[in-house]
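Per UniProt numbering, the very first residue in the sequence shown carries number 1; after that it's consecutive. First up is the structure itself, then whatever we jot down about it.
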Amino acid sequence: MSTAASSPASRIEKGASLWQDAWRRLSKNRAAMVSVGVLAVILLACIILPAIPKFLQDPGMQSLENKNLPPSAAHWFGTDHLGRDLFSRILFGGRVSIMVGLITTMVSVTIGITWGAISGYVGGRTDAFMMRTVDTLYALPFLVIVILLGAVLEPITGHVTEFTVRLFTPSGSSAAKANEVRTAVEPFTTLVPLFIAIGALSWLNVSRIVRAQVQSVAKLEFVEAARSLGLGHLRILFRHILPNTLGPIIVYTTLTIPGVMLFEATLSFLGLGVKPPNSSWGILIEEGANRMLSNPLLLFFPALFFSTTLFALNFLGDGLRDALDPKSSKD
(Lines of atoms letter the chains of each structure in order from A and count residues from 1; the text may use other names and numbers.)
(Lines give C-alpha, C1' and ligand atoms only; values in the text may rest on other atoms or scores of the structure.)
Protein backbone atom coordinates (compact mmCIF):
# COMPACT_ATOMS: atom_id res chain seq x y z
CA MET A 1 0.00 0.00 0.00
CA SER A 2 2.82 2.33 0.78
CA THR A 3 4.24 1.65 -2.68
CA ALA A 4 0.93 2.46 -4.31
CA ALA A 5 0.54 5.61 -2.25
CA SER A 6 3.88 6.88 -3.42
CA SER A 7 3.44 5.95 -7.06
CA PRO A 8 3.76 8.77 -9.64
CA ALA A 9 0.11 8.40 -10.62
CA SER A 10 -1.02 9.26 -7.11
CA ARG A 11 1.18 12.33 -6.72
CA ILE A 12 -0.46 15.75 -7.10
CA GLU A 13 1.65 18.18 -9.02
CA LYS A 14 1.61 21.64 -7.51
CA GLY A 15 0.53 24.26 -10.01
CA ALA A 16 2.37 27.49 -10.72
CA SER A 17 0.81 30.91 -10.98
CA LEU A 18 1.11 33.16 -14.02
CA TRP A 19 3.71 35.32 -12.25
CA GLN A 20 5.78 32.29 -11.23
CA ASP A 21 5.75 31.06 -14.82
CA ALA A 22 6.69 34.55 -16.01
CA TRP A 23 9.62 34.79 -13.59
CA ARG A 24 10.84 31.32 -14.64
CA ARG A 25 10.83 32.35 -18.31
CA LEU A 26 12.39 35.74 -17.56
CA SER A 27 15.20 34.14 -15.53
CA LYS A 28 16.10 32.05 -18.59
CA ASN A 29 16.48 35.18 -20.72
CA ARG A 30 20.17 36.05 -20.34
CA ALA A 31 19.89 39.47 -21.98
CA ALA A 32 17.06 40.48 -19.65
CA MET A 33 18.84 39.28 -16.52
CA VAL A 34 22.09 41.00 -17.51
CA SER A 35 20.02 44.15 -18.10
CA VAL A 36 18.56 43.88 -14.60
CA GLY A 37 22.08 43.72 -13.16
CA VAL A 38 23.30 46.65 -15.26
CA LEU A 39 20.30 48.78 -14.28
CA ALA A 40 20.79 47.91 -10.61
CA VAL A 41 24.44 49.01 -10.73
CA ILE A 42 23.63 52.28 -12.51
CA LEU A 43 20.69 53.08 -10.21
CA LEU A 44 22.68 52.36 -7.05
CA ALA A 45 25.63 54.39 -8.32
CA CYS A 46 23.47 57.41 -9.20
CA ILE A 47 21.38 57.28 -6.02
CA ILE A 48 23.72 56.06 -3.29
CA LEU A 49 27.14 57.45 -4.23
CA PRO A 50 26.03 61.13 -4.41
CA ALA A 51 24.42 60.71 -0.97
CA ILE A 52 27.70 59.63 0.69
CA PRO A 53 29.34 62.73 2.23
CA LYS A 54 32.64 63.71 0.58
CA PHE A 55 32.78 60.54 -1.53
CA LEU A 56 32.32 62.46 -4.78
CA GLN A 57 33.73 65.82 -5.70
CA ASP A 58 31.38 68.77 -5.96
CA PRO A 59 29.99 68.57 -9.53
CA GLY A 60 29.72 72.36 -9.70
CA MET A 61 33.19 73.20 -8.38
CA GLN A 62 35.24 74.87 -11.11
CA SER A 63 39.03 74.76 -11.37
CA LEU A 64 40.30 76.33 -14.58
CA GLU A 65 43.86 75.20 -13.97
CA ASN A 66 42.60 71.60 -14.06
CA LYS A 67 40.42 71.85 -17.15
CA ASN A 68 40.29 69.05 -19.77
CA LEU A 69 42.41 66.66 -17.72
CA PRO A 70 42.52 63.00 -18.85
CA PRO A 71 41.19 60.22 -16.60
CA SER A 72 43.30 59.72 -13.48
CA ALA A 73 43.05 58.51 -9.88
CA ALA A 74 41.88 61.98 -8.82
CA HIS A 75 39.37 62.33 -11.67
CA TRP A 76 38.21 58.93 -12.88
CA PHE A 77 36.63 60.28 -16.09
CA GLY A 78 38.77 63.41 -16.35
CA THR A 79 37.52 66.99 -16.14
CA ASP A 80 35.52 69.25 -18.43
CA HIS A 81 36.32 72.62 -19.96
CA LEU A 82 35.75 74.34 -16.60
CA GLY A 83 37.74 71.88 -14.53
CA ARG A 84 34.67 70.15 -13.06
CA ASP A 85 34.92 66.44 -12.26
CA LEU A 86 33.14 64.55 -15.06
CA PHE A 87 32.48 61.40 -13.01
CA SER A 88 30.58 63.40 -10.36
CA ARG A 89 28.64 65.30 -13.01
CA ILE A 90 27.58 62.07 -14.71
CA LEU A 91 26.30 60.50 -11.47
CA PHE A 92 24.47 63.65 -10.35
CA GLY A 93 23.11 64.14 -13.87
CA GLY A 94 22.05 60.49 -14.00
CA ARG A 95 20.02 60.99 -10.85
CA VAL A 96 18.09 63.76 -12.59
CA SER A 97 17.62 61.84 -15.85
CA ILE A 98 16.46 58.69 -14.07
CA MET A 99 14.04 60.67 -11.92
CA VAL A 100 12.60 62.34 -15.02
CA GLY A 101 12.12 58.94 -16.64
CA LEU A 102 10.52 57.28 -13.61
CA ILE A 103 8.24 60.08 -12.38
CA THR A 104 7.09 61.15 -15.83
CA THR A 105 6.36 57.54 -16.77
CA MET A 106 4.35 57.09 -13.55
CA VAL A 107 2.30 60.18 -14.40
CA SER A 108 1.65 59.10 -17.98
CA VAL A 109 0.88 55.47 -17.08
CA THR A 110 -1.52 56.52 -14.30
CA ILE A 111 -3.43 58.84 -16.64
CA GLY A 112 -3.39 56.30 -19.47
CA ILE A 113 -4.59 53.40 -17.30
CA THR A 114 -7.47 55.42 -15.84
CA TRP A 115 -8.56 56.87 -19.20
CA GLY A 116 -8.27 53.63 -21.15
CA ALA A 117 -9.89 51.49 -18.44
CA ILE A 118 -12.95 53.72 -18.15
CA SER A 119 -13.25 54.01 -21.93
CA GLY A 120 -13.01 50.26 -22.50
CA TYR A 121 -15.32 49.30 -19.64
CA VAL A 122 -18.11 51.82 -20.19
CA GLY A 123 -18.16 51.58 -24.00
CA GLY A 124 -20.77 53.19 -26.19
CA ARG A 125 -20.78 56.94 -26.70
CA THR A 126 -18.46 57.49 -23.75
CA ASP A 127 -15.87 55.23 -25.35
CA ALA A 128 -16.27 56.95 -28.71
CA PHE A 129 -15.88 60.43 -27.17
CA MET A 130 -12.82 59.47 -25.11
CA MET A 131 -11.07 57.79 -28.03
CA ARG A 132 -11.79 60.71 -30.35
CA THR A 133 -10.17 62.92 -27.72
CA VAL A 134 -7.10 60.70 -27.86
CA ASP A 135 -7.09 60.90 -31.67
CA THR A 136 -7.27 64.70 -31.48
CA LEU A 137 -4.32 64.86 -29.09
CA TYR A 138 -2.39 62.54 -31.38
CA ALA A 139 -2.76 65.10 -34.17
CA LEU A 140 -1.11 67.88 -32.12
CA PRO A 141 2.66 68.47 -32.48
CA PHE A 142 3.96 66.80 -29.33
CA LEU A 143 7.24 68.71 -29.04
CA VAL A 144 5.60 72.11 -29.54
CA ILE A 145 2.88 71.39 -26.96
CA VAL A 146 5.45 70.22 -24.38
CA ILE A 147 7.50 73.37 -24.93
CA LEU A 148 4.41 75.58 -24.55
CA LEU A 149 3.22 73.72 -21.45
CA GLY A 150 6.68 73.96 -19.92
CA ALA A 151 6.72 77.73 -20.53
CA VAL A 152 3.24 78.18 -19.03
CA LEU A 153 4.00 76.05 -15.97
CA GLU A 154 7.49 77.44 -15.34
CA PRO A 155 6.30 80.25 -12.97
CA ILE A 156 5.16 77.61 -10.44
CA THR A 157 8.76 76.37 -10.09
CA GLY A 158 9.75 79.13 -7.69
CA HIS A 159 6.73 78.51 -5.46
CA VAL A 160 7.42 74.78 -5.36
CA THR A 161 11.07 75.42 -4.48
CA GLU A 162 10.24 77.78 -1.62
CA PHE A 163 7.57 75.42 -0.27
CA THR A 164 10.03 72.52 -0.32
CA VAL A 165 12.72 74.59 1.40
CA ARG A 166 10.32 75.57 4.19
CA LEU A 167 9.21 71.94 4.49
CA PHE A 168 12.73 70.57 4.98
CA THR A 169 14.24 73.48 6.90
CA PRO A 170 13.71 73.32 10.69
CA SER A 171 12.22 76.43 12.28
CA GLY A 172 14.84 78.85 13.54
CA SER A 173 17.49 77.67 11.08
CA SER A 174 20.02 80.10 9.70
CA ALA A 175 19.98 81.50 6.18
CA ALA A 176 23.00 79.34 5.36
CA LYS A 177 21.05 76.21 6.25
CA ALA A 178 18.11 77.35 4.10
CA ASN A 179 20.45 78.00 1.17
CA GLU A 180 21.98 74.55 1.62
CA VAL A 181 18.53 72.94 1.44
CA ARG A 182 17.63 75.11 -1.55
CA THR A 183 20.77 74.01 -3.39
CA ALA A 184 19.86 70.35 -2.75
CA VAL A 185 16.20 70.52 -3.82
CA GLU A 186 16.31 73.09 -6.62
CA PRO A 187 17.64 70.65 -9.28
CA PHE A 188 14.47 68.57 -8.76
CA THR A 189 11.82 71.24 -8.17
CA THR A 190 12.84 73.01 -11.39
CA LEU A 191 11.85 69.83 -13.22
CA VAL A 192 8.22 69.94 -12.09
CA PRO A 193 7.03 71.70 -15.29
CA LEU A 194 8.93 69.12 -17.33
CA PHE A 195 7.31 66.24 -15.40
CA ILE A 196 3.83 67.66 -15.93
CA ALA A 197 4.36 68.67 -19.57
CA ILE A 198 5.75 65.32 -20.75
CA GLY A 199 3.53 63.17 -18.53
CA ALA A 200 0.37 65.00 -19.54
CA LEU A 201 0.80 64.09 -23.20
CA SER A 202 2.69 60.77 -23.22
CA TRP A 203 -0.23 58.65 -21.96
CA LEU A 204 -2.00 58.27 -25.31
CA ASN A 205 -0.48 54.92 -26.30
CA VAL A 206 -1.03 53.53 -22.80
CA SER A 207 -4.72 54.42 -22.91
CA ARG A 208 -5.23 52.54 -26.19
CA ILE A 209 -3.43 49.45 -24.92
CA VAL A 210 -5.39 49.40 -21.66
CA ARG A 211 -8.69 49.99 -23.47
CA ALA A 212 -8.14 46.99 -25.74
CA GLN A 213 -7.14 44.78 -22.81
CA VAL A 214 -10.12 45.85 -20.69
CA GLN A 215 -12.55 45.20 -23.54
CA SER A 216 -11.11 41.70 -23.92
CA VAL A 217 -11.12 40.82 -20.22
CA ALA A 218 -14.59 42.31 -19.60
CA LYS A 219 -16.13 39.57 -21.75
CA LEU A 220 -14.80 36.74 -19.58
CA GLU A 221 -16.96 34.63 -17.27
CA PHE A 222 -15.50 35.80 -13.95
CA VAL A 223 -16.58 39.39 -14.74
CA GLU A 224 -20.14 38.21 -15.36
CA ALA A 225 -19.97 36.31 -12.07
CA ALA A 226 -18.87 39.47 -10.25
CA ARG A 227 -21.76 41.41 -11.75
CA SER A 228 -24.22 38.68 -10.73
CA LEU A 229 -22.98 39.04 -7.14
CA GLY A 230 -23.97 42.70 -7.20
CA LEU A 231 -20.49 44.20 -7.10
CA GLY A 232 -20.16 47.84 -8.12
CA HIS A 233 -18.68 48.88 -11.43
CA LEU A 234 -15.62 50.56 -9.90
CA ARG A 235 -14.81 47.47 -7.84
CA ILE A 236 -15.20 45.19 -10.84
CA LEU A 237 -13.02 47.43 -12.98
CA PHE A 238 -10.19 48.18 -10.55
CA ARG A 239 -10.24 44.99 -8.43
CA HIS A 240 -11.03 42.30 -11.00
CA ILE A 241 -10.40 43.52 -14.56
CA LEU A 242 -7.30 45.73 -14.30
CA PRO A 243 -5.20 43.19 -12.33
CA ASN A 244 -5.64 40.82 -15.28
CA THR A 245 -4.20 43.42 -17.68
CA LEU A 246 -1.01 44.13 -15.73
CA GLY A 247 1.22 42.09 -18.04
CA PRO A 248 1.01 44.36 -21.11
CA ILE A 249 0.99 47.44 -18.85
CA ILE A 250 4.25 46.42 -17.13
CA VAL A 251 5.88 45.68 -20.47
CA TYR A 252 4.84 49.00 -21.97
CA THR A 253 5.97 50.86 -18.84
CA THR A 254 9.50 49.46 -19.11
CA LEU A 255 9.56 50.50 -22.77
CA THR A 256 8.18 53.97 -21.99
CA ILE A 257 10.92 54.91 -19.52
CA PRO A 258 13.75 54.97 -22.12
CA GLY A 259 11.52 56.92 -24.51
CA VAL A 260 10.85 59.57 -21.86
CA MET A 261 14.54 59.74 -20.91
CA LEU A 262 15.44 60.15 -24.58
CA PHE A 263 12.87 62.92 -24.97
CA GLU A 264 14.21 64.73 -21.88
CA ALA A 265 17.71 64.41 -23.31
CA THR A 266 16.45 65.91 -26.58
CA LEU A 267 14.86 68.86 -24.77
CA SER A 268 17.99 69.41 -22.67
CA PHE A 269 20.11 69.15 -25.82
CA LEU A 270 17.98 71.95 -27.32
CA GLY A 271 18.26 74.00 -24.12
CA LEU A 272 14.60 73.49 -23.19
CA GLY A 273 14.93 70.88 -20.43
CA VAL A 274 17.08 70.93 -17.32
CA LYS A 275 18.60 74.36 -16.77
CA PRO A 276 22.32 74.88 -16.01
CA PRO A 277 24.17 74.79 -13.63
CA ASN A 278 22.10 71.67 -12.95
CA SER A 279 23.02 68.77 -15.18
CA SER A 280 21.45 65.73 -16.75
CA TRP A 281 22.78 63.23 -19.23
CA GLY A 282 21.16 65.27 -22.01
CA ILE A 283 22.99 68.44 -20.97
CA LEU A 284 26.29 66.58 -20.62
CA ILE A 285 25.87 65.08 -24.09
CA GLU A 286 25.08 68.52 -25.49
CA GLU A 287 28.18 70.00 -23.87
CA GLY A 288 30.28 67.08 -25.06
CA ALA A 289 28.98 67.39 -28.62
CA ASN A 290 29.99 71.06 -28.70
CA ARG A 291 33.55 70.21 -27.58
CA MET A 292 34.05 66.73 -29.03
CA LEU A 293 36.97 67.85 -31.20
CA SER A 294 38.96 69.28 -28.30
CA ASN A 295 37.96 66.67 -25.69
CA PRO A 296 35.99 63.66 -27.05
CA LEU A 297 35.74 62.09 -23.57
CA LEU A 298 33.21 64.77 -22.61
CA LEU A 299 30.84 63.15 -25.11
CA PHE A 300 31.94 59.53 -24.77
CA PHE A 301 31.32 58.91 -21.06
CA PRO A 302 27.85 60.56 -20.74
CA ALA A 303 26.75 58.91 -24.00
CA LEU A 304 28.04 55.55 -22.73
CA PHE A 305 25.99 55.76 -19.51
CA PHE A 306 22.91 57.02 -21.34
CA SER A 307 23.00 54.45 -24.16
CA THR A 308 23.75 51.59 -21.74
CA THR A 309 20.72 52.51 -19.64
CA LEU A 310 18.47 52.73 -22.70
CA PHE A 311 19.70 49.40 -24.09
CA ALA A 312 19.20 47.70 -20.70
CA LEU A 313 15.66 49.03 -20.37
CA ASN A 314 14.77 47.92 -23.87
CA PHE A 315 16.22 44.43 -23.37
CA LEU A 316 14.33 44.16 -20.06
CA GLY A 317 11.13 45.27 -21.76
CA ASP A 318 11.58 42.67 -24.50
CA GLY A 319 12.24 40.00 -21.88
CA LEU A 320 9.14 40.94 -19.91
CA ARG A 321 7.07 40.89 -23.09
CA ASP A 322 8.18 37.33 -23.82
CA ALA A 323 7.79 36.23 -20.19
CA LEU A 324 4.27 37.63 -19.80
CA ASP A 325 2.99 36.37 -23.15
CA PRO A 326 -0.01 34.17 -22.30
CA LYS A 327 0.52 32.07 -25.45
CA SER A 328 3.82 30.85 -24.05
CA SER A 329 2.67 30.34 -20.47
CA LYS A 330 3.17 26.59 -20.90
CA ASP A 331 6.56 25.78 -22.40
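From the three backbone atoms N, C-alpha and C, an ideal C-beta is built for every residue, glycine too.
Are the beta-carbon atoms of residue 332 and G112 separated by less than 8 angstroms? Summary: the structure shown does not reach residue 332, with the chain confined to residues 1 through 331, and so no result is reported for it.
Assuming contact is defined by CB atoms lying nearer than 8 angstroms, are Q57 and S88 in contact in what I supplied? yes
Selection from E221, F168 and G150 that minimises the alpha carbon distance to F195: G150
Report yes if the CB atom of R211 is closer than 8 angstroms to the CB atom of S119, and no otherwise. yes
Spatial neighbours of G199 within its chain, please: C-beta separation below 6 angstroms, excluding the five flanking residues on both sides. T104, V107 and S108
Which residues does DSSP pair with D85 in a beta bridge? T79
Alpha carbon of A9 to alpha carbon of G116, nearest angstrom: For A9, the predicted structure reports a pLDDT of 49, less than 50, and the residue's modelled location is therefore unreliable. The matter cannot be settled from this model.
Segments assigned alpha helix (DSSP H), at least 4 residues, entirely inside the stretch 151-184: 156-168
Close-in-space but distant-in-sequence residues of the same chain around F315 (CB under 7 angstroms, 5 per side omitted): A31, A32 and S35
When we look at the beta-carbon of A139 and count the other beta-carbons within 10 Å, is it buried (16 or more) or exposed? exposed
Report all residues from its chain with a CB closer than 6 angstroms to the CB of N295; omit the five preceding and five following residues, and keep chain order. N68
Can you say whether G232 is buried or exposed, counting buried as having 16 or more other CB atoms within 10 angstroms of its CB? exposed
Between A45 and the rest of its own chain, which residues show a CB-CB distance below 7 angstroms, the 5 nearest in sequence each way excluded? L91
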